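**Q**
Residue numbers (UniProt numbering): 1 to 295.
Here is the structure:
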């Protein structure tokens, strides 16, 4: 058991995840521990060593191999950190599967859903209960995670749903993709839209059950939209990157949310972008992505 803070970031070998680890390591205290996680042992070890050696690093940094699609592995890590440290203080779910515009969305659906959604559910279930008072549990999503981006026929699957209902909706979507009935049912061809909506809905579901206690203890559970970030995952999808942020810049507002002294109740359980909540029911049709996916 220790009084030091424990932070964990998934999908942290590169891009935004790596920038979040660097920012936490620079802004947390020397006795604190930041865990950089990913699936590849060598990349995890290399990234953790590099961050630990950066001039601005103050806290301890360690690499941990974690396949977020392995729900048992997620649960074991939560148990391990609880046994060693009495829980965790910061969890940022950031892992995402890379899909290129010229790849079949349907062919990549299982991997994408497992990394973005099954993993989010596992992290919420395993780390939510061991989040210490005053902690932060954030899921990196995007503004695509608002209901307005989804066909109205599908809104009831996510609006006001509990976590089990969100999981059921995700698996129904997966089945519809395999059965080639997804578009007929209203699911968009672009995987990122229903995936992000489901991520935000999952966070809202867990937060709804914990809100009163968490706010009393200064704990925050929320999803976050970092805005357009110049990374290898997102760059292929956009023709104009002139307004894109570097990973370090995009990490800034997320880190401000993590390290804030107080929790704004207006942000609790919401999708937060640059410190402000995005309306859950809003959203506008996508243009560029729809064009990219039109045969």
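Beta carbons are placed, not taken as given, at the ideal position from N, Cα and C, and that holds for glycine. Source: prediction; values computed, not measured.
Would you kindly work out how many angstroms separate the C-alpha atoms of residue 151 and residue 189, rounded to a whole number?
**A** Taking the straight line from one Cα to the other gives about 12 Å.
**Q** Please confirm if the segment 122-134 is in contact with the segment 74-90, defined as three or more CB-CB distances below 8 Å between the two stretches.
**A** Enough Cβ pairs lie closer than 8 Å, so yes.
**Q** Would you decide whether residue 291 is buried or exposed? Buried here means 16 or more other CB atoms lie within 10 Å of its CB.
**A** No answer about residue 291 holds up, because its pLDDT of 37 lies below 50 and its placement is not dependable.
**Q** With 16 other CB atoms within 10 Å as the buried threshold, where does residue 219 fall?
**A** Per the 10 Å Cβ criterion, buried.
**Q** When the Cα atoms are used, what is the spatial distance from residue 67 to residue 24?
**A** Cα to Cα, the separation comes out at about 21 Å.
**Q** In angstroms, rounded to a whole number, what distance separates the CA positions of residue 47 and residue 63?
**A** Cα to Cα, residue 47 sits roughly 8 Å from residue 63.
**Q** Between which residues of its own chain and residue 35 is the CB-CB distance below 6 Å, once the five residues before and five after are set aside?
**A** So the list reads 8, 62 and 64, once near-sequence residues are dropped.
**Q** Locate the alpha helix (DSSP H) running through residue 331, then write down its first and last residues.
**A** This structure gives no information on residue 331, because the portion of the chain shown stretches from 1 to 295.
**Q** DSSP state of residue 7, grouped into three classes?
**A** It is a strand residue.
**Q** Hey, residue 90 and residue 81: beta-carbon distance below 8 Å or not?
**A** Cβ distance not < 8 Å, so residue 90 and residue 81 don't count as in contact.
**Q** Return yes when the Cβ of residue 145 is within less than 8 Å of the Cβ of residue 197, no when it is not.
**A** Contact flag set, yes.
**Q** Report yes if the C-beta of residue 189 is less than 7 Å from at least one heavy atom of the ligand ATP; otherwise report no.
**A** Within the structure as shown, the ligand ATP is missing, as the structure has no ligands at all.
**Q** Nearest-angstrom Cα distance between residue 246 and residue 142?
**A** Roughly 16 Å between the two C-alpha positions.
**Q** Tell me whether the segment 210-219 and the segment 260-276 touch, counting them as touching only if at least three CB pairs, one residue from each stretch, are closer than 8 Å.
**A** Yes: at least three Cβ pairs fall under 8 Å.
**Q** Please report the residue range of the beta strand (DSSP E) in which residue 37 lies.
**A** Residues 33-38.
**Q** Quick check: what's the CA-CA separation for residue 258 versus residue 22?
**A** Computed Cα separation, rounded: 14 Å.
**Q** Determine the contact status of residue 140 and residue 226, defining contact as a CB-CB distance below 8 Å.
**A** Yes, the Cβ-Cβ distance between residue 140 and residue 226 is below 8 Å.
**Q** In three-state terms, what does DSSP make of residue 160?
**A** It is coil, neither helix nor strand.
**Q** Quick one: is residue 256 buried, meaning 16 or more other Cβ sit within 10 Å of its Cβ, or exposed?
**A** Exposed, since its Cβ has fewer than 16 Cβ neighbours within 10 Å.
**Q** List the whole-angstrom C-beta distance separating residue 163 from residue 205, where the pair is believed to meet the contact cut-off of C-beta under 8 Å.
**A** About 4 Å; that satisfies the 8 Å criterion.
**Q** Under 8 Å between the Cβ atoms of residue 175 and residue 114?
**A** No, the Cβ-Cβ distance between residue 175 and residue 114 is not below 8 Å.
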